[in-house]
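Numbering (this note's numbering), first residue to last: 3 to 114.
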């Protein structure tokens, strides 16, 4: 029981100190009529990370390359973020929010 309590406290501290927010990200990951079907299936909370970087460009319609503090990284785009990414130019400073799904990073919101 003490081990579980320690883990919960450790995660809580990481969330507070690291600036990580827990939000319902299902509306970012879907578009249109898909939203209602997800709501009916029971929505899950996802951890959403926020970061700033330099937009390098689109690798394909649903993948972008961004230079972050960790170096150059590829991110998948949610349908909502795909629309926003079309208005970005190379070497623009951006802020973006993303989730992790397995080993993929999926941008749910991207702004200049």
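Idealized CB from N, CA, C, for every residue including glycine.
Can you list, in chain order, the residues of its chain with a C-beta nearer than 7 Å to that of residue 30? Leave out the 5 residues immediately preceding and following it. Residue mapping note: residue 30 aligns to position 28 of the chain shown, counting from 1. In this predicted model, residue 30 has a pLDDT of only 49, less than 50, meaning its place in the structure is not dependable; the value taken from the coordinates is given anyway. Taken in chain order, the residues that qualify are 80, 82, 110 and 111.
Residue from 62, 64 and 70 with nearest C-alpha to residue 51: As a working mapping, residue 51 is identified with position 49 in the chain shown. It is 70.
Would you give the residue range spanned by the beta strand (DSSP E) that residue 61 belongs to? For this step, residue 61 is matched to residue 59 along the chain shown. Its beta strand (DSSP E) spans residues 48–62.
Could you tell me the alpha carbon to alpha carbon distance between residue 90 and residue 106, rounded to whole angstroms? In the chain shown, residue 90 corresponds to position 88, counting from 1. In the chain shown, residue 106 corresponds to position 104, counting from 1. Approximately 22 Å, taken between the alpha carbons.
Cutting at 8 Å between CB atoms, please list the residues of its own chain near residue 64, excluding the five before and the five after it. Here residue 64 refers to the residue found at position 62 when the chain shown is read from its first residue. Correct list, in chain order: 78, 79 and 84.
Rounded distance between the beta-carbons of residue 92 and residue 58, thought under 8 Å: What you label residue 58 is simply residue 56 of the chain shown in a count that begins at 1. What you label residue 92 is simply residue 90 of the chain shown in a count that begins at 1. About 7 Å separates the two Cβ atoms, so the contact holds.
Find the nearest neighbour of residue 53 within the set 113, 108, 99 and 114, judged by alpha-carbon distance. Here the question's residue 53 lines up with position 51 in the chain shown. Taking each of 113, 108, 99 and 114 in turn and checking the Cα distance to residue 53, the smallest one comes out for 99.
Rounded to the nearest angstrom, what separates residue 73 and residue 47 at their Cα positions? On the chain shown, residue 73 is found 71 positions in, with the first residue counted as 1. On the chain shown, residue 47 is found 45 positions in, with the first residue counted as 1. Their backbone Cα atoms lie some 28 Å apart in a straight line.
Is it right to say residue 101 is buried, meaning 16 or more other beta carbons lie within 10 angstroms of its own, or is it exposed? As a working note, residue 101 is residue 99 in the chain shown. With 16 or more other Cβ atoms within 10 Å, it is buried.
Pairwise C-alpha distance: residue 56 and residue 62: Stepping through the chain shown from its first residue, residue 62 is reached at position 60. Stepping through the chain shown from its first residue, residue 56 is reached at position 54. Near 17 Å, if we compare the C-alpha coordinates of residue 56 and residue 62.
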